[in-house]
Amino acid sequence: MDKLFLSFYHLPSASRAFGVNSEAIDKTADTLAAMYVASFGGKASGRYRIARKLICGLMGRRRLYAEDVQELTRAVFERGYLLIDMESFFAVLSANAFVNYRRANRDCLTSSERQ
0 MDKLFLSFYH
10 LPSASRAFGV
20 NSEAIDKTAD
30 TLAAMYVASF
40 GGKASGRYRI
50 ARKLICGLMG
60 RRRLYAEDVQ
70 ELTRAVFERG
80 YLLIDMESFF
90 AVLSANAFVN
100 YRRANRDCLT
110 SSERQ
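If you read the sequence shown in numbering that gives the first Met the number 0, its first letter stands for residue 0, the second for the next number, and so on.
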């Protein structure tokens, strides 16, 4: 009995231990990416938020573990989007949204330290 208990907690990934497979991750990431360009909520396309419970449903799970969120975040990023975990919901944004942000450099850091 002790060996079973110890081996369970020494599994390399909780995602693999509880059965989340890459197919469910990929399917969910594809759905989230498709929703970004879909028209809903009064807008033709763009950023949106989605309830954690809906993500669980897409993945066929009751709960999401940290490993699940990490794998899904990576899969969504590979498709050109950012998945931001806000605890009770997720936000989906285009990775390109940040391209035109102003860039901080060393001079900015030193001038802000002086203030």
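By construction, the Cβ of each residue, glycine as well, lies at the ideal position given by its N, Cα and C atoms. Every value quoted in this text rests on a predicted model; they were computed, and no experiment measured them.
**Asked** At what residues does the alpha helix (DSSP H) containing V75 begin and finish?
**Response** Start at 1 with the first residue of the sequence shown, and residue 75 comes out as number 76. That run of the alpha helix (DSSP H) goes A65 to E77.
**Request:** May I have the straight-line CA-CA distance separating L63 from C107, to the nearest angstrom?
**Result:** By 1-based counting over the sequence shown, the position of residue 63 is 64. By 1-based counting over the sequence shown, the position of residue 107 is 108. Taking the straight line from one Cα to the other gives about 39 Å.
**Asked** When DSSP labels each residue in this structure, what does A13 get in the three-state scheme?
**Response** Locating residue 13 in the sequence shown gives position 14, counting from the first residue. Reliability fails at A13, whose pLDDT of 45 lies under 50, so the model's placement of it is uncertain and the value that follows must be treated cautiously. Note: A13 maps to helix in three-state DSSP.
**Prompt:** How about E77 and I24: are their beta carbons less than 7 Å apart?
**Reply:** The sequence position of residue 77 within the sequence shown is 78, counting from 1. The sequence position of residue 24 within the sequence shown is 25, counting from 1. Not in contact: E77 and I24 (Cβ atoms no closer than 7 Å).
**Request:** Tell me where the beta strand (DSSP E) around V91 begins and ends.
**Result:** The sequence position of residue 91 within the sequence shown is 92, counting from 1. Taken as a continuous stretch (DSSP letters only), the beta strand (DSSP E) holding V91 covers F88 to S93.
**Prompt:** According to DSSP, which residues form a beta bridge with F97?
**Reply:** On the sequence shown, position 98 is the one that residue 97 refers to. According to DSSP, F97 bridges with nothing at all.
**Prompt:** When the Cα atoms are used, what is the spatial distance from F97 to L81?
**Reply:** Sequence index remark: in the sequence shown, residue 97 carries index 98 (1-based). Sequence index remark: in the sequence shown, residue 81 carries index 82 (1-based). Cα-Cα distance, rounded: 10 Å.
**Request:** Would you mind stating whether L31 and V75 have Cβ atoms separated by less than 7 Å?
**Result:** Locating residue 31 in the sequence shown gives position 32, where the first residue counts as 1. Locating residue 75 in the sequence shown gives position 76, where the first residue counts as 1. Yes. Within cutoff.
**Message:** Considering Cα atoms alone, identify which of A94, Y100, S110 and C55 is closest to R46.
**Reply:** For the purposes of this step, residue 46 is taken as residue 47 along the sequence shown, with counting starting at 1. Of the candidates A94, Y100, S110 and C55, the one whose C-alpha sits nearest the C-alpha of R46 is A94.
**Message:** Can you give me the C-alpha to C-alpha distance between T27 and Y100, rounded to a whole angstrom?
**Reply:** Reading the sequence shown from its first residue, position 28 is the one you call residue 27. Reading the sequence shown from its first residue, position 101 is the one you call residue 100. Those two C-alpha atoms are separated by around 29 Å.
**Asked** Helix, strand or coil: which one does DSSP assign to M0?
**Response** Translated into the one-based positions of the sequence shown, residue 0 becomes position 1. For M0, the predicted structure reports a pLDDT of 44, less than 50, and the residue's modelled location is therefore unreliable. A value from the coordinates is still provided. M0: coil per DSSP, three-state reduction.
**Request:** Report all residues from its chain with a CB closer than 8 Å to the CB of S87; omit the five preceding and five following residues, and keep chain order.
**Result:** Counted from its first residue, the sequence shown places residue 87 at position 88. Cβ within range, chain order: A50 and R51.
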